[in-house]
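Reading through the structure tokens given below for one structure.
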């Protein structure tokens, strides 16, 4: 019998590649997308399209209101930074950090894993491109696994739920190359933090990192940008 994995999928490039890796590694994938009232909610529709394209066994979209908590440019009225240099992106915790997001998301994923009988949770955390986010570090992931073992029925019964971040130390170019090998439909993915209608802005941190990654990988980026 194939094992089951819950995959946190935002609709972005990284989570789509993580989902494809989970499938390649022999799992039936149970996708989980969190609609948290994010500025870039267009990614939720992209996640639905990706779930169909990549053969998800199930796709659950859960509504939570992180805008009520605030504290981030993605869930409030703070301006999304634009045209930041590599050095600027590598310094401090950016205003696009959403307080507790991965902690909350992984907690819901762990609950879903218990319900569907999954032995693993996959998500697209990356420490190279998003080094300012403290909830994308190996230490956080291992600590969360310990909490799951200590605080769930699965853990009490000796059924471990591992957290896997297969992209953790890859560059964006390497992630794109991996996704290309796995035939990830990049045209369905959305990375922009501050879209202009249906178009990616082309200037936020996430757009810049994506565009640089495709350029370094020697692969054409199939999404449209408001600014060239």
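Numbering (this note's numbering), first residue to last: 117 to 344. Every residue gets a Cβ at the ideal spot worked out from N, C-alpha and C, and that includes glycine.
Let's see if you can read the secondary structure: which residues bound the alpha helix (DSSP H) around residue i?
i: residue 413; result: In the structure as shown, the chain begins at 117 and stops at 344. Residue 413 is therefore absent and cannot be evaluated.
i: residue 227; result: 217 to 232
i: residue 263; result: 254 to 267
i: residue 339; result: Neither: residue 339 is in no alpha helix (DSSP H) and is coded neither H nor E.
i: residue 129; result: 129 to 140
i: residue 203; result: 202 to 205
Between which two residues does the beta strand (DSSP E) carrying residue i extend?
i: residue 119; result: 119 to 124
i: residue 151; result: 143 to 151
Determine the DSSP secondary structure at residue i, reduced to helix, strand or coil.
i: residue 277; result: coil
i: residue 168; result: helix
i: residue 310; result: coil
i: residue 315; result: strand
i: residue 299; result: coil
i: residue 236; result: strand
Between residue i and residue j, is the Cβ-Cβ spacing less than 9 Å?
i: residue 283; j: residue 242; result: yes
i: residue 147; j: residue 169; result: no
i: residue 153; j: residue 182; result: yes
i: residue 139; j: residue 304; result: no
i: residue 212; j: residue 320; result: yes
i: residue 281; j: residue 238; result: yes
i: residue 151; j: residue 185; result: no
i: residue 197; j: residue 215; result: no
contact_flag[the region 222 to 238, the region 135 to 154] where n(CB pairs < 8 Å) is 3 or more = Under the 8 Å Cβ criterion, the region 222 to 238 counts as touching the region 135 to 154, having at least three qualifying pairs.
If we count Cβ pairs, one from each stretch, closer than 8 Å, do we get three or more for the region 287 to 303 versus the region 322 to 339?
-> Two segments are said to touch when three or more pairs of C-beta atoms, one from each, lie closer than 8 Å; by this definition the region 287 to 303 touches the region 322 to 339.
Could you tell me whether the region 264 to 278 touches the region 310 to 323, using the rule of 3 or more Cβ pairs below 8 Å?
-> The region 264 to 278 makes no contact with the region 310 to 323: fewer than 3 CB pairs, one atom from each, lie closer than 8 Å.
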